[in-house]
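Under the numbering used here, the first residue of the sequence shown carries the number 280, and numbering increases by one thereafter.
C-beta atoms are modelled at their ideal positions from N, C-alpha and C, and glycine is treated no differently.
Here is the structure we will look at, set down as structure tokens.
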Amino acid sequence: MTRVSTSGSYNAILNNLTVAQQRLFEAGVHVSAQKVGTDLKAYSRDAQVLTAMKSVNTRLTSFSDQNAQVGNRLEFQDLGLVKAATAADDARKAITNALSANNAAAFMTEIRGQFANAIGALNTQYAGKYVFAGGQVDTAPNSAKKLEDLTLTATAVQDSFKNDEYIDKVRVDETTTLEIGQLASKIGTAMLNAFRDIQAFQEGPDGPFSGPLTAAQKTFLQGQIAVWDSVHKGIVDAGARNGSVQTQLEAVEGRIAARQTTIGGILIDVQQSSEQDLARAATALTQAQQAVQASSQVFITLKNVSLLNFL
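Dropping the structure here:
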């Protein structure tokens with residue numbers, strides 16, 4: 280014989296009401312957010328796919344953030360190389376101008392200015408670090424301060440470079456590593472040697488450059504044109520290498536963006552699969568609302584009923 284009691288009836292109705300309210304909540308989330316749920320439990324069979332895709336997406340985001348910094352560094356390297364190439368080209372122009380005018384009154388002033396520009400280019404910094412210093416990023420890669428420093432000793436040019444031989448490499452995605460570093464000594468040795476030769480001539484028996492050119496000065500300057508053409512070409516080639524790395528980095532970033540777009544689509548397909556059948560979701564919500572209303576009505580009715588009324 281089944282025992283009937285008011286408390287037992289209350290418990291049964293409260294349990295039904297609680298279940299109905301939970302279903303109403305879940306159906307409401309589904310319809311309003313167009314998602315199956317708020318955690319991986321709600322996706323059951325798709326949980327492993329979601330976890331894997333989110334992990335890959337996080338890794339790609341990490342690469343993208345890092346590559347943005349790499350891209351900025353390459354931009355600063357490009358600025359430094361352009362500045363160095365401009366200094367070399369302007370030094371050559373100073374030579375041709377002096378030859379054209381047959382006068383070198385302002386020649387050394389111009390050469391000293393381009394020397395300062397060249398040293399500034401070699402000592403280019405990004406985020407407080409010297410980009411052409413190899414691994415010695417906290418030390419200026421060239422210590423020369425003035426043209427006269429280059430003729431103090433036979434090895435003054437070589438000794439002025441403080442960079443090491445470390446070439447910076449960066450892994451920009453799972454399969455690609457780019458060599459992004461360039462060294463001041465590789466970029467600037469030929470240029471500083473050319474500056475040294477001018478300063479040495481200035482200090483020698485056929486100097487100084489101070490007015491109308493002598494025959495010896497003309498001969499020297501005419502020979503310097505080819506030297507500075509070669510210096511300029513070498514620096515332009517270094518800029519081209521930097522540009523090639525920039526192009527490769529842009530291609531990697533394009534692939535990363537495409538992969539993230541694909542992953543985003545997969546995540547949306549899994550998380551918002553209910554969007555394909557919003558009518559069914561709306562029906563489930565309506566049914567849940569009706570269940571709550573029915574359970575609530577039974578609960579209210581039960582409050583006004585007692586077994587004592589039947590005894």
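- Taking 4 residues as the minimum length, the alpha helix (DSSP H) runs contained wholly in the stretch 359-420 are 386-401, in order along the chain.
- When the beta-carbon positions are compared, PRO491 and ASN382 come within less than 8 Å of each other.
- Taking the Cα of ALA505 as reference, the smallest distance to any Cα among VAL524, ILE374, MET387 is reached at ILE374.
- At a Cβ-Cβ threshold of 8 Å, GLN393 and ASP417 do not count as neighbours.
- In the structure shown, the three-state DSSP call for LYS448 is strand.
- Annotation note: the stretch 445-524 contains the following uninterrupted alpha helix (DSSP H) runs of length 4 or greater, listed N- to C-terminal: 463-482.
- Non-local beta-carbon contacts of LEU546 in its own chain, meaning distances under 8 Å to residues more than five positions away in sequence, involve LEU329, MET332, LYS333, ASN336 in chain order.
- Less than 8 Å separates the beta-carbon of VAL410 from that of GLY359.
- Annotation: ALA433 is outside any alpha helix (DSSP H) and is labelled neither H nor E by DSSP.
- Of the residues LYS425, ARG371, ALA384, ILE466, the one whose Cα lies closest to the Cα of THR403 is ILE466.
- Straight through space, the alpha carbons of LEU378 and ALA385 are spaced by roughly 12 Å.
- Put simply, the backbone Cα of ALA395 is about 10 Å away from that of LEU401.
- Taken atom to atom, the span from the alpha-carbon of ARG352 to that of GLU532 is near 15 Å.
- Of all alpha-carbon atoms in ARG534, GLY460, LEU500, PRO484, the one lying nearest the alpha-carbon of GLU444 is that of GLY460.
- Counting only residues of its own chain and dropping the five nearest sequence neighbours on each side, ASP485 has a CB closer than 8 Å to the CB of THR493, ALA495, GLN496, PHE499.
- With a cutoff of 8 Å on beta-carbon distance, ILE390 and ILE477 are scored as near each other.
- Around the beta carbon of ALA347, fewer than 16 other beta carbons sit within 10 angstroms, so the residue counts as exposed.
- Contact annotation, LEU471 with ALA423: C-beta distance approximately 7 Å; criterion of less than 8 Å satisfied.
- Between ARG475 and the set ALA536, LEU426, PHE342, GLY407, the nearest pair of CA atoms involves LEU426.
- In this structure, ALA397 lies away from HIS511, with their beta-carbon atoms at least 8 Å apart.
- Taking 8 Å as the cut-off, the beta carbon of SER343 is found closer than this to the beta carbon of ILE535.
- For the 8 Å CB-CB criterion, ARG520 and LEU339 do not form a contact.
- If you ignore the 5 residues before and after VAL524, its C-beta comes within less than 8 Å of the C-beta of LEU353, LEU457, GLU458, ILE459, all in its own chain and listed in chain order.
- Just measuring C-alpha positions, the residue of ARG450, LEU429, THR434 sitting nearest PHE480 is LEU429.
- Annotation: THR454 to MET387 spans about 51 Å, alpha carbon to alpha carbon.
- Going by beta carbons, ASP508 and ARG371 fall inside the 8 Å limit.
- Your pair GLY399 and LYS362 checks out as a contact, with CB atoms roughly 7 Å apart and the cut at 8 Å.
- Assignment of beta-bridge partners to PHE440 by DSSP yields ASN421.
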